[in-house]
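Each number in the numbering used here corresponds to the 1-based position in the sequence shown with 1307 added.
Idealized CB from N, CA, C, for every residue including glycine.
Computed from a prediction, not measured in an experiment: that's the story for all the values here.
The block underneath contains the structure these notes are about, expressed in structure tokens.
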Amino acid sequence: MNNKTRKLTETALLIALATVLSLIQFPGPWINGGSITLCSMLPICIIGYRYGVRWGLLSGFIYGILQLLLGVSVLKGVSLATVIFAVIFDYLLAFAVLGFSGLFRNTIKNSSAAFMAGSAIGIFLRFVCHFISGAFVWASILDATGLNWAGILYSLEYNGSYMGPELVITLVAGAVFCRIFDFTKPNPIRR
């Protein structure tokens, strides 16, 4: 199998795996979207680390489109501007930034540390995207009450309540996988 075919095949399989894992959710109070999943971000982080930031951003963007199709029902009953803003920040950008997991592949010698540092940045940037979206949505909803500042606090608390555990779960699973696989090699299984 040539390198281009391998790259496309692995990427497709990892995006499919991430999509399936995103459907395995732990129960929680997130009625406005968001959830704690079974390492659904890990496959996208692997793509970004394995094939670089640019390919990771594209793969995350494609994954974001799939997540949008699966989660579009949470966007009912809001203005068109809010829907557009949420689509961009809660789906397209939020999942694309996971591609930054490859940021340190060539700068940090320890591949496990490079993977973990890049993944942490990508996941943090995903949180920032959700925070910005939530702050915009809730500030616009609360604008008439004069409490639009409360939307910022609500967004911070709400998005942090699931993104924090997602960060920990993904990094712990990533540490385990980095001991088993060397994602810098064409055949990543460590011998």
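1. So, under 8 Å CB-CB, Leu1400 and Gly1429 are touching, yes? Tell me the CB distance rounded to an integer number of Å.
2. Would you identify the three-state DSSP class for Thr1344, choosing helix, strand or coil?
3. Quick check: the Cα distance between Tyr1465 and Ala1457, rounded to an integer number of angstroms?
4. Which class does Phe1443 belong to by DSSP, given the choice of helix, strand or coil?
5. How many angstroms separate the CA atom of Asn1417 from the CA atom of Pro1350?
6. Confirm, please, whether the CB-CB distance from Ser1419 to Cys1485 is below 7 Å.
7. Helix, strand or coil, according to DSSP, for Phe1402 in the structure here?
8. Please name the residue or residues paired with Gln1374 in a DSSP beta bridge.
9. In three-state DSSP terms, what is Phe1490?
10. Can you give me the start and stop residues for the alpha helix (DSSP H) that Thr1316 sits inside?
The short version:
1. To locate residue 1400, count along the sequence shown from 1; it is residue 93. To locate residue 1429, count along the sequence shown from 1; it is residue 122. About 12 Å; that fails the 8 Å criterion.
2. Counted from its first residue, the sequence shown places residue 1344 at position 37. If DSSP states are grouped into helix, strand and coil, Thr1344 belongs with the strands.
3. Numbered from 1 along the sequence shown, position 158 holds the residue referred to as residue 1465. Numbered from 1 along the sequence shown, position 150 holds the residue referred to as residue 1457. Near 12 Å, if we compare the C-alpha coordinates of Ala1457 and Tyr1465.
4. What you label residue 1443 is simply residue 136 of the sequence shown in a count that begins at 1. In this structure, Phe1443 counts as helix in the three-state DSSP scheme.
5. Start at 1 with the first residue of the sequence shown, and residue 1417 comes out as number 110. Start at 1 with the first residue of the sequence shown, and residue 1350 comes out as number 43. In a straight line, the C-alpha of Asn1417 is about 20 Å away from that of Pro1350.
6. Taking the sequence shown and counting its residues from 1, one reaches residue 1485 at position 178. Taking the sequence shown and counting its residues from 1, one reaches residue 1419 at position 112. Yes, the pair counts as a contact, with Cβ atoms nearer than the cut-off.
7. Here residue 1402 refers to the residue found at position 95 of the sequence shown. The answer is helix: DSSP assigns Phe1402 an H, G or I state.
8. Residue numbering aside, residue 1374 sits at position 67 when the sequence shown is read from its first letter. DSSP lists no partner for Gln1374.
9. Position 183 of the sequence shown, counted from the first residue, corresponds to residue 1490. Three-state result, Phe1490: coil.
10. For this step, residue 1316 is matched to residue 9 along the sequence shown. Run containing Thr1316: 1310-1329, per the alpha helix (DSSP H) assignment.
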